[in-house]
Each structure stands twice: as C-alpha cells, then as structure tokens.
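Trainee: If you scroll down you'll find the structure; I have some questions about it.
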Amino acid sequence: MERWIDFSRDRRMLCGACGHQWRVDLDWIDRWERGGEKCPGCGLTCEHEDAPRVTVDPDEPALDDDWVVTVSWYHTSTQPDWPRRDFDPAAVLTAETRMRMGGDERVAAWAARQRAKALHIGTYEAAVHNMLRRIRDQADRGNQFYLYRVHLRPSVVVREGWLVDPSDFVGDVVLDEVCPPGVGVARYLNYHETPAGSPWR
Ligand SMILES: [Zn+2]
C-alpha cells in the first residue's frame, strides 16, 4: 500500500511557551522562518528559545502500529547496495587517515560504532527531500543516488509513541539508544532533513 504523496502537506505547530497547537501550510512556515509570523496564542516569533515547533498530528496514520507495517517506506542513498550487512566503513580509509585516527584499534572501534547506526526510512517526500539536501549542502552534487522502497516485517515490534529527532549533529542515530532490546523500529519526527520537520523518517 502507498501513502498519498504530498510534498506540501500541512504541518502541525506546538508552541513551547503557551502550548497552543494549530495547523499551518508550508507558505506559513516559510514566512515564519523569516520572522513574518507569530504564535497565535502568545505572539512569540521564531527567534525565541521556546518558539513553536512542528509536532506530530494526533491523526497521523503512522502512529498506528498496524498501519506502519502495511505501507511502503523510502530511503535515498548513494550506496548501490544499501543496506549491506557486511558494510565496512573503514574500507575507504587511506593508510594516512587510519594513522591520523589513532591506529588500527581506534579505526576498528570507529567502524563498529558506524555499523551500530540505525537505518533510516521515511515517507517518500522525506526521502526525496533528504537527497536534495545532500546534493545542496554536502559534497554529493555529482553522485548517483538510489531510491529504496522498503516494507517492514509484519512481526516487527514498534516502539510506543514517537521521539523528537534523536540524531546527533551529523544525522546519525545509534540503534541501541532508540530501540531497547526486543524493539525493531522507533518512530521519530525529523527536524533537520526536510523542510519544517517531516514525519516520518
Ligand atoms: Zn505561544
């Protein structure tokens, strides 16, 4: 089953100061980010620490555990064979880089951390937005991208509720930190890979 693709889906805002929640369209978000809109509840603008942020709509279908395993999810990658089980992130390092990283033991520990990262999947829109962001902001302009379409195993255990984007500053998520033992999938609202936070990745 496919979710209806809509690149301009409305967003739900939640004000951190007054708790007001309301729906906006992407034009509103655009004006908001340039300081042209305020919280209708308390008048805060986007510069404030407790400023409203995009939140998850209570009617969001992905909050339904059964629904999550019936739809297709997407991922864009420059890797032609994502996700690889025998992925060795150290394979591309030169001898000089390995030395700079502190030698073989350090490199092995780094590689183990890289392999422990969670795989991200999301809506078609979020996957495409992420590809465009990488082309724009990172050195992926000339790279070939691949679109992956994924189904979750029907028996997968989904973590209850949803998380605020748990990724670190380079966008990595450590699997054990978001998925306790026995849990295979965690939902989160992505704040930095798509405009104005797009559920879900
Ligand atoms: Zn407010």
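Under our numbering, the letters of the sequence shown match residues 30 to 230, in that order. Even for Gly, the Cβ is constructed at its ideal location relative to N, Cα and C.
According to DSSP, is Trp33 part of a helix, a strand, or is it coil?
Mentor: Coil.
Trainee: Could you tell me if the beta carbon of Cys75 falls within a distance shorter than 8 Å of some heavy atom in ligand 1?
Mentor: Incorrect: Cys75 has no Cβ contact closer than 8 Å to ligand 1.
Trainee: Which same chain residues end up closer than 6 Å to Thr84 when comparing Cβ atoms and leaving out the 5 residues on each side of it in sequence?
Mentor: Within the same chain, Thr84 has close Cβ partners Arg41 and Leu43.
Trainee: DSSP state of Leu218, grouped into three classes?
Mentor: Residue state, collapsed to three classes: strand.
Trainee: Over the uninterrupted alpha helix (DSSP H) stretch that includes Leu204, give me the two end residues.
Mentor: Segment Leu204 to Val207, the alpha helix (DSSP H) holding Leu204.
Trainee: Rounding to the nearest angstrom, what Cα-Cα distance links Lys146 and Pro69 in this structure?
Mentor: Using only the alpha carbons, I get a separation of about 39 Å.
Trainee: Can you give me the start and stop residues for the alpha helix (DSSP H) that His104 sits inside?
Mentor: No alpha helix (DSSP H) holds His104; the beta strand (DSSP E) holding it covers Trp102 to Ser106.
Trainee: Please report how far the alpha carbon of Trp33 lies from the alpha carbon of Thr74, in whole angstroms.
Mentor: Cα to Cα, the separation comes out at about 32 Å.
Trainee: Taking DSSP's pairing of strands, which residues face Leu161 in a bridge?
Mentor: Looking at the DSSP assignment, Leu161 forms no beta bridge with any residue, so it has no partner.
Trainee: Based on DSSP bridge pairs, tell me the residues matched to Gln50.
Mentor: According to DSSP, Gln50 bridges with Leu43.
Trainee: Is any non-hydrogen atom of ligand 1 found closer than 8 Å to the C-beta of Ser48, if you look at the structure I gave you?
Mentor: With the sequence shown as reference, residue 48 is identified as Gly, and Ser is not the correct amino acid for it. True, at least one ligand heavy atom lies under 8 Å from that Cβ.
Trainee: Quick one: does the C-beta of Pro81 sit closer than 8 Å to a heavy atom of ligand 1?
Mentor: Checking the Cβ of Pro81 against ligand 1 gives yes.
Trainee: So for Thr84, helix, strand or coil by DSSP?
Mentor: Here Thr84 sits in strand by DSSP.
Trainee: Measure how close the beta-carbons of Asp54 and Asp35 come, nearest whole angstrom, since I'm counting them as under 8 Å.
Mentor: Not confirmed; about 11 Å, so no contact.
Trainee: Quick check on Ser37: buried or exposed, where buried means 16 or more other Cβ atoms within 10 Å of its Cβ?
Mentor: Exposed.
Trainee: Assuming the contact rule is C-beta atoms closer than 8 Å, Ser101 and Arg178 should be a hit. Round their C-beta distance to whole Å, please.
Mentor: Yes, they are in contact, since the Cβ atoms of Ser101 and Arg178 sit about 5 Å apart, within 8 Å.
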